[in-house]
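A.B. asks:
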Amino acid sequence: MNQRFDAIVVGAGPAGCACGVNLAKAGLETLIVERGKFAGAKNMWGGAFYGPSLYKLFPDFWEEAPVERYILRHKYSLLTQDASFSVDFTSKKYGNPPYNGFSVLRSKFDRWFAAKAEQAGAVVATGLEAEDLLWEGNAVAGIKAGGDALPANVVIACDGVNSILAEKAGLRGKISPRDIKQGVKEVIQLPRQLIEQRFNLRGEEGIAWEFIGSFSRGIPGGAFIYTNKESLSIGIVVQLSALTEKEISANDLLEDFKRHPEVENLLADGQLVEYSAHMVPVGGKAMMPTLYTDGMLLAGDAAGLTLTTGLVLEGGNFAIVSGKAAAETVILAKKTGDFSKQSLAHYPELLKQSFVLKDLKTFKRAPLLLENPRFYRQYPELACELAEKIFTNAGIPRKKLWKMFRESQRGRISLWQMIRDLFRIKKSI
Amino acid sequence: MKTTSIEDKLAVNKYDIDKDRHIQIREDICATCEAHPCLYACPADCFKLREGHITFSYEGCLECGSCRIVCDKEAVKWALPRAGFGICYQYG
Numbered sequence: 000m001n002q003r004f005d006a007i008v009v010g011a012g013p014a015g016c017a018c019g020v021n022l023a024k025a026g027l028e029t030l031i032v033e034r035g036k037f038a039g040a041k042n043m044w045g046g047a048f049y050g051p052s053l054y055k056l057f058p059d060f061w062e063e064a065p066v067e068r069y070i071l072r073h074k075y076s077l078l079t080q081d082a083s084f085s086v087d088f089t090s091k092k093y094g095n096p097p098y099n100g101f102s103v104l105r106s107k108f109d110r111w112f113a114a115k116a117e118q119a120g121a122v123v124a125t126g127l128e129a130e131d132l133l134w135e136g137n138a139v140a141g142i143k144a145g146g147d148a149l150p151a152n153v154v155i156a157c158d159g160v161n162s163i164l165a166e167k168a169g170l171r172g173k174i175s176p177r178d179i180k181q182g183v184k185e186v187i188q189l190p191r192q193l194i195e196q197r198f199n200l201r202g203e204e205g206i207a208w209e210f211i212g213s214f215s216r217g218i219p220g221g222a223f224i225y226t227n228k229e230s231l232s233i234g235i236v237v238q239l240s241a242l243t244e245k246e247i248s249a250n251d252l253l254e255d256f257k258r259h260p261e262v263e264n265l266l267a268d269g270q271l272v273e274y275s276a277h278m279v280p281v282g283g284k285a286m287m288p289t290l291y292t293d294g295m296l297l298a299g300d301a302a303g304l305t306l307t308t309g310l311v312l313e314g315g316n317f318a319i320v321s322g323k324a325a326a327e328t329v330i331l332a333k334k335t336g337d338f339s340k341q342s343l344a345h346y347p348e349l350l351k352q353s354f355v356l357k358d359l360k361t362f363k364r365a366p367l368l369l370e371n372p373r374f375y376r377q378y379p380e381l382a383c384e385l386a387e388k389i390f391t392n393a394g395i396p397r398k399k400l401w402k403m404f405r406e407s408q409r410g411r412i413s414l415w416q417m418i419r420d421l422f423r424i425k426k427s428i
Numbered sequence: 000m001k002t003t004s005i006e007d008k009l010a011v012n013k014y015d016i017d018k019d020r021h022i023q024i025r026e027d028i029c030a031t032c033e034a035h036p037c038l039y040a041c042p043a044d045c046f047k048l049r050e051g052h053i054t055f056s057y058e059g060c061l062e063c064g065s066c067r068i069v070c071d072k073e074a075v076k077w078a079l080p081r082a083g084f085g086i087c088y089q090y091g
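Sequences listed follow chains A and B, in order. At position 159 of the first sequence the residue is numbered 158 (numbering that gives the first Met the number 0), and the sequence of numbers has no breaks. At position 59 of the second sequence the residue is numbered 58 (numbering that gives the first Met the number 0), and the sequence of numbers has no breaks.
1. If you draw a straight line from the alpha carbon of A:Leu252 to that of A:Pro372, how long is it in whole angstroms?
2. Output, in chain order, the set of chain A residues within a Cβ distance shorter than 9 Å of B:Ser56.
3. Please classify A:Gly299: does DSSP put it in a helix, a strand, or coil?
4. Measuring only the C-alpha atoms, how far is A:Asp293 from A:Ala151?
5. Please list the terminal residues of the continuous beta strand (DSSP E) segment that includes A:Pro288.
6. Could you give the DSSP three-state label for A:Arg3: helix, strand or coil?
7. Tell me the rounded alpha-carbon separation between A:Tyr375 and A:Asn42.
8. Short of 8 Å Cβ to Cβ, which residues in the stretch 271-301 of chain A face chain B?
9. List the whole-angstrom C-beta distance separating B:Cys37 from A:Ala276, where the pair is believed to meet the contact cut-off of C-beta under 8 Å.
10. Check A:Gly322 in the structure and name its three-state DSSP category.
11. Return yes when the Cβ of A:Val236 is within less than 8 Å of the Cβ of A:Leu312, no when it is not.
12. Taking the Cβ atom as the reference point for each residue, do A:Leu421 and A:Phe362 lie within a distance shorter than 8 Å?
13. From the DSSP output, read off the bridge partner residues of A:Tyr225.
14. I'd like to confirm the pairing. Which residues does DSSP put opposite A:Trp134 in its beta bridges?
15. So, are the CB atoms of A:Pro51 and A:Pro96 less than 8 Å apart?
16. With 16 as the cutoff for other CB atoms within 10 Å, does A:Ala344 come out buried or exposed?
17. My parser needs the beta strand (DSSP E) runs of 3 or more residues fully inside the stretch 6-72 of chain B; what are they?
18. So is A:Val66 in contact with chain B if we call contact Cβ pairs under 8 Å?
19. State yes or no: is the beta carbon of B:Cys32 nearer than 8 Å to at least one beta carbon in chain A?
20. What in chain A is Cβ-close to B:Gln89, meaning under 8 Å?
21. Answer yes or no: the CB of A:Ser230 versus the heavy atoms of the ligand NAD, is any distance below 7 Å?
22. For A:Asn392 and A:Glu273, what's the separation of their Cα atoms in angstroms?
23. Check the DSSP bridge columns for A:Asp87 and list the partner residues they point to.
24. Go ahead and pull the three-state DSSP assignment for A:Arg105.
25. List, in chain order, every chain A residue whose beta-carbon is nearer than 8 Å to that of B:Lys8.
26. For a cutoff of 8 Å on Cβ pairs, would you count A:Met43 as touching chain B?
27. Please determine if the stretch 4-24 of chain B and the stretch 403-415 of chain A are in contact, where contact requires at least 3 C-beta pairs separated by less than 8 Å.
28. Chain B partners of A:Thr307, CB-CB under 9 Å?
29. Would you say B:Trp75 faces chain A, with C-beta separation under 8 Å as the test?
30. Compare the C-beta of B:Lys39 with all C-beta atoms of chain A and state if any pair is closer than 8 Å.
31. Just tell me which of A:Gly234, A:Gly212, A:Val160, A:Glu203 has its CA closest to the CA of A:Asn227.
32. Closest by CA to A:Ala38, which one among A:Val8, A:Ile424, A:Glu387?
33. What would DSSP say about A:Ala365, mapped onto helix, strand or coil?
34. For the alpha helix (DSSP H) containing A:Phe256, list its first residue and its last residue.
35. With a threshold of 8 Å between beta-carbons, can B:Cys63 be considered close to chain D, or not?
36. Could you tell me the distance, in whole angstroms, from the CA atom of A:Ser215 to the CA atom of A:Gly221?
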């Protein structure tokens with residue numbers, strides 16, 4: 000029989016590493032198992048990370064962590080075939096420590112995070128897959144990995160959206176493609192100076208730019224561009240069920256997006272260096288699995304913890320905060336020596352006190368709202384057409400704004416429908 | 000800008016390809032399926048329809064899990080590649 004660990008964390012992503020760091024710091028015998036050759040080898044995200052969850056763990060982490068650029072500018076654009084209507088927000092406040100967010104590439108970042116867990120005293124085993132759970136009666140009592148039985152008091156499954164372990168523990172059933180957005184992304188290398196010129200940035204400044212509109216052909220979802228130091232992360236995040244219903248692949252939409260006149264120039268002379276894909280669980284509170292059982296907890300994407308409001312789509316900080324809450328629960332359980340369900344019930348209580356479950360509750364109606372196809376077609380068309388009318392000088396007498404609006408709105412969406420949509424927005428986000 | 004094919008995109012990725020395929024499909028079930036959601040769900044074009052038959056190639060798989068979620072006929076026997084094999088992101 001192998002040494003019994005206090006805790007085995009499965010997956011060295013942000014949830015697993017945050018969990019491992021906190022467990023090890025508290026002196027618990029902690030093993031982190033990662034199936035990739037190195038931490039980050041299997042991981043991708045859009046590319047921006049926000050909020051204080053990481054600097055609470057590592058003050059001044061930006062001094063040492065491999066972050067790309069701090070996000071100074073936020074831009075939202077509504078696109079039609081040949082036009083774009085944008086809102087662009089920049090705040091110099093975001094340029095001061097602790098900053099508001101960073102663009103981050105996971106392959107480097109997760110390796111750094113796993114090294115921090117190692118420094119804190121956790122054992123990180125890469126190239127090792129947790130194939131199954133070990134059971135003692137009805138309680139999870141470790142994992143089977145690489146053909147070995149590795150016993151532990153508690154297993155924290157941070158193995159991502161496809162969490163095999165959550166399924167094996169019976170904590171989660173089949174996921175519906177309606178609750179999944181598929182993200183596909185390209186990393187495009189560009190010289191630093193070109194990035195700074197094209198996006199109006201200086202030094203380490205970065206932009207997070209989100210798009211919705213015609214390129215998604217009515218499929219709920221959007222596109223993004225994040226600036227890295229010497230590359231762009233560009234991708235599309237779209238509802239999986241709608242892709243198969245409409246018989247369109249996400250890559251076709253990404254190619255359409257890349258050829259939009261607003262986007263094409265930004266990418267010129269860039270070189271593709273990676274193409275990646277990932278599923279994002281966007282069902283919110285309704286799709287959340289059971290978060291714990293005897294001897295086991297779920298954190299991060301494995302727990303379905305991402306927030307989608309239409310204006311934000313975040314998972315990284317939810318992963319870190321849930322990983323930390325799982326660690327705190329296990330540390331407390333270790334003191335009493337009780338790793339039963341009753342003892343681990345502290346975990347959802349901690350999540351309820353944090354923004355994780357509060358945000359998911361506040362925005363529980365957002366997933367349904369965002370399935371509204373009018374956001375992706377009619378509204379971007381309306382905004383662009385109205386702007387075009389305002390700015391076009393056709394050499395004829397001008398009309399008042401309301402009249403122009405009514406002309407564009409009629410036949411596209413009824414006023415009544417718009418009021419109802421507005422009411423739903425108010426209620427949902 | 001010209002369109003980049005999925006093959007060209009996958010060609011820049013780093014993989015350690017195992018000799019055995021990690022995902023199996025039940026071609027007999029696929030033959031009874033009309034919708035073929037896998038064709039549109041797979042971001043790496045691993046599923047192809049050739050003369051009415053679905054074929055699957057595992058080498059370019061990005062391990063996203065979409066095929067497993069969309070196949071409601073349970074024709075996709077889904078698993079991850081063995082530890083250390085499969086996609087190895089250099090950027091992520």
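Glycine is no exception: its CB is placed at the ideal position from the N, C-alpha and C atoms. None of these values were measured; they are calculated from a predicted model.
C.D. replies: Taking the definition as stated:
1. 16 Å
2. What B:Ser56 touches in chain A: nothing, since even the nearest Cβ is about 16 Å away.
3. helix
4. 12 Å
5. Note, A:Pro288: premise wrong, no beta strand (DSSP E); not H, not E.
6. coil
7. 28 Å
8. Leu271, Val272, Glu273, Tyr274, Ser275, Ala276, His277, Met278
9. Incorrect: roughly 14 Å between the Cβ atoms, too far for contact.
10. helix
11. yes
12. no
13. A:Ala207, A:Ser232
14. A:Val139
15. no
16. exposed
17. 46-49, 52-55
18. no
19. no
20. Ser106, Val272, Glu273
21. Although the ligand NAD was asked about, the structure shown includes no ligands whatsoever.
22. 44 Å
23. A:Lys74
24. helix
25. Glu185, Asn250, Leu271, Tyr274
26. yes
27. no
28. Within 9 Å Cβ-Cβ: nothing; A:Thr307 doesn't reach chain B, min ~17 Å.
29. First, the amino acid is wrong: residue 75 of chain B is Val here, not Trp. No, B:Val75 lies away from the interface with chain A (no Cβ there is under 8 Å from its Cβ).
30. Strictly speaking, residue 39 of chain B in this sequence is Tyr, with Lys absent from that position. Interface residue, yes.
31. A:Glu203
32. A:Val8
33. helix
34. 249-257
35. Here the protein chains are A and B, and chain D is not one of them.
36. 7 Å
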